[in-house]
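Take a look at the structure below.
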Amino acid sequence: MTGQILSETLRNKNILITGGTGSFGHQIVRELFKYQPASIHVFSRDEKKQYDMALLYPNQANLTFNIGDIRDLERVQEAMRGIDVVFNAAALKQVPNCEYAPFEAVLTNIIGAQNVRRAAIDAGVQTVVSISTDKAVKPVNVMGMTKAVQERIMLDPSYRGTRTKFVCVRYGNVLGSRGSVVPLFCDLVQRGLPLPITNPAMTRFQLMLAESVQLVLWATVKGECGDLWVRKMPAANIVDLAKALSYGITGREDYPIATVGARPGEKIHEILVSEEEMWRAREMGDYFLIPGWAVPEDKHGPQHGDIQEYSSDRTRQMSVEEILKMLQTDGWVSANGVGPGPKALGTGMSRS
Ligand SMILES: NC(=O)c1ccc[n+]([C@@H]2O[C@H](COP(=O)([O-])OP(=O)(O)OC[C@H]3O[C@@H](n4cnc5c(N)ncnc54)[C@H](OP(=O)(O)O)[C@@H]3O)[C@@H](O)[C@H]2O)c1
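By the count of my numbering, the sequence shown reaches residue 603 at its end, each step adding exactly one.
Shown next as structure tokens:
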């Protein structure tokens, strides 16, 4: 998508990012400045994360930070006043944490999403793009279940308003995002410890943060109310990811790996578009568009030939070399020979 179209959509707009201090938030804020919005408002709970993020932008007068919790409707309503575009990225996204405290996931991922939706309608926001995950498809864990309901809330087909457009995007593992396996592996490799593999057969869709932002911006421009957009992406086997990362940092091809068994709520493969959704999905180049449930199913059948689910074992599998290249491009592995990249240096575990 050209910068010109994005500029036309975002220039002079007031933008709110719930969860704006997270991995996605950092990346999209950097990107949004290119399109000269009137203002960008980061909305999240932890003041330290906001303080640290503000230090990165000392001269950016149109970037503001709002402390608030999406569980608190009144606070979300206040933050939403005068806003044109909302990116809803606030979530509880760690599978084990949500298993341990399921209702906390309900409060943030479901009630919080409903608050964002209600406040956006009340404030006459133009566009809300909400971020979902492959774990929401045929979910087996609380995180995925709550994100599945979040999608349904955002794309509620009973909505007849004309002002606010609600769109969702769904994607797989963002390489190196906070709490993901790449910072963990970087940390362990730098401490010389074996890499824990839950199940050697496991595959995961992979994309880089920059690609996740591009998908969200695509949906902002192209999406119609009720749309759910999925970008096609390759997958990596977890052992290949461990091999690529340990080789990239240490130069060793025999770095120790320990199989520790799947955690509760983990699938062997993830699904980005279910077989049931494929009956309604449209394949559009690099994307699948799953139209809203209010759009009647095409009586001539699926829009394209393949109605099998789009899962991480049925997409293109990345080789160890490709994964290594991706890790180098994203700064986890040195691009100039063996060694840690800038993102892996220091406290890899605490990076966003
Ligand atoms: N990372 C991935 O691999 C991945 C893959 C697919 C989809 N996604 C989705 O992408 C979105 C962004 O993920 P991310 O990787 O950027 O997550 P992240 O780094 O963990 O950031 C989450 C953000 O949400 C904020 N937050 C959490 N609970 C909140 C609440 N109740 N009220 C307000 N803010 C809250 C956090 O800040 P505070 O804690 O300070 O509030 C933080 O800014 C999420 O919806 C996630 O489900 C992520």
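The beta carbon of each residue, even a glycine, is placed where N, CA and C say it ideally should be.
How many Å lie between residue i and residue j at the Cα?
{"i": "THR260", "j": "THR413", "result": "18 Å"}
{"i": "GLY477", "j": "ASP407", "result": "7 Å"}
{"i": "SER563", "j": "TYR498", "result": "24 Å"}
{"i": "GLY375", "j": "THR415", "result": "6 Å"}
{"i": "GLU560", "j": "GLN401", "result": "21 Å"}
{"i": "VAL293", "j": "LEU492", "result": "33 Å"}
{"i": "LEU444", "j": "CYS349", "result": "27 Å"}
{"i": "PRO593", "j": "ILE500", "result": "11 Å"}
{"i": "LEU575", "j": "SER258", "result": "34 Å"}
{"i": "GLN255", "j": "CYS419", "result": "23 Å"}
{"i": "LEU446", "j": "PRO507", "result": "7 Å"}
{"i": "GLU517", "j": "VAL346", "result": "8 Å"}
{"i": "VAL490", "j": "ASP505", "result": "12 Å"}
{"i": "SER603", "j": "ASP297", "result": "In this predicted model, SER603 has a pLDDT of only 35, less than 50, meaning its place in the structure is not dependable enough to derive any value."}
{"i": "GLY588", "j": "ASP438", "result": "19 Å"}
{"i": "ASP581", "j": "GLU462", "result": "11 Å"}
{"i": "ALA340", "j": "GLY502", "result": "37 Å"}
{"i": "VAL511", "j": "SER525", "result": "29 Å"}
{"i": "PHE284", "j": "PRO434", "result": "27 Å"}
{"i": "VAL546", "j": "PHE354", "result": "32 Å"}
{"i": "GLU572", "j": "THR471", "result": "33 Å"}
{"i": "ALA352", "j": "PRO390", "result": "17 Å"}
{"i": "ASN313", "j": "ALA399", "result": "34 Å"}
{"i": "SER409", "j": "PHE417", "result": "12 Å"}
{"i": "ALA364", "j": "ARG421", "result": "15 Å"}
{"i": "MET577", "j": "VAL380", "result": "27 Å"}
{"i": "LEU596", "j": "GLN568", "result": "28 Å"}
{"i": "VAL280", "j": "LEU496", "result": "28 Å"}
{"i": "ARG442", "j": "TRP583", "result": "15 Å"}
{"i": "GLY270", "j": "LYS473", "result": "23 Å"}
{"i": "GLY590", "j": "GLU527", "result": "45 Å"}
{"i": "VAL337", "j": "GLU475", "result": "15 Å"}
{"i": "THR253", "j": "GLU282", "result": "13 Å"}
{"i": "SER585", "j": "ILE291", "result": "33 Å"}
{"i": "TYR286", "j": "MET529", "result": "34 Å"}
{"i": "PRO542", "j": "PHE456", "result": "22 Å"}
{"i": "THR384", "j": "ASN310", "result": "34 Å"}
Can you tell me where the beta strand (DSSP E) with residue i in it begins and where it stops?
{"i": "HIS292", "result": "290–295"}
{"i": "LYS576", "result": "Per DSSP, LYS576 belongs to no beta strand (DSSP E); it is in the alpha helix (DSSP H), 571–580."}
{"i": "PRO447", "result": "446–448"}
{"i": "THR253", "result": "Per DSSP, THR253 belongs to no beta strand (DSSP E) and is neither H nor E."}
{"i": "LYS416", "result": "416–422"}
{"i": "TYR538", "result": "538–541"}
{"i": "VAL546", "result": "VAL546 -> no beta strand (DSSP E), and no H or E assigned at all."}
{"i": "ASN587", "result": "First-last for ASN587: undefined, no H or E at that position."}
{"i": "ILE266", "result": "265–269"}
{"i": "MET535", "result": "533–535"}
{"i": "ASN339", "result": "336–339"}
{"i": "ALA509", "result": "508–510"}
{"i": "ILE404", "result": "Unbroken run through ILE404 is the alpha helix (DSSP H), 393–405; no beta strand (DSSP E)."}
{"i": "LEU426", "result": "Careful: LEU426 lies outside any beta strand (DSSP E) and carries neither H nor E."}
{"i": "VAL380", "result": "378–384"}
{"i": "LEU523", "result": "522–524"}
{"i": "TRP480", "result": "479–482"}
May I ask whether a heavy atom of ligand 2 can be found less than 7 Å away from the beta carbon of residue i?
{"i": "VAL367", "result": "Inclusion of ligand 2 in the displayed structure is not the case, the ligand content consisting of ligand 1 alone."}
Counting along the chain, where does the alpha helix (DSSP H) carrying residue i start and finish?
{"i": "GLN311", "result": "Premise fails: GLN311 is in no alpha helix (DSSP H) and is neither H nor E."}
{"i": "GLU462", "result": "460–473"}
{"i": "VAL327", "result": "324–331"}
{"i": "ALA370", "result": "363–374"}
{"i": "ALA493", "result": "489–501"}
{"i": "SER274", "result": "274–283"}
{"i": "LEU435", "result": "432–441"}
{"i": "VAL357", "result": "First-last for VAL357: undefined, no H or E at that position."}
{"i": "VAL346", "result": "346–351"}
{"i": "LEU306", "result": "298–306"}
Report yes if the C-beta distance between residue i and residue j is below 8 Å; otherwise report no.
{"i": "MET484", "j": "THR397", "result": "no"}
{"i": "ILE334", "j": "THR359", "result": "no"}
{"i": "ILE522", "j": "VAL388", "result": "yes"}
{"i": "ILE382", "j": "VAL467", "result": "yes"}
{"i": "ALA370", "j": "MET331", "result": "yes"}
{"i": "ASN317", "j": "ALA289", "result": "no"}
{"i": "ALA486", "j": "THR449", "result": "no"}
{"i": "ASN263", "j": "VAL327", "result": "no"}
{"i": "GLN278", "j": "LEU540", "result": "no"}
Cβ pair count under 8 Å reaching 3, the segment 358–378 against the segment 296–306: no
The segment 418–435 contacting the segment 268–288, beta-carbon criterion three pairs below 8 Å: yes
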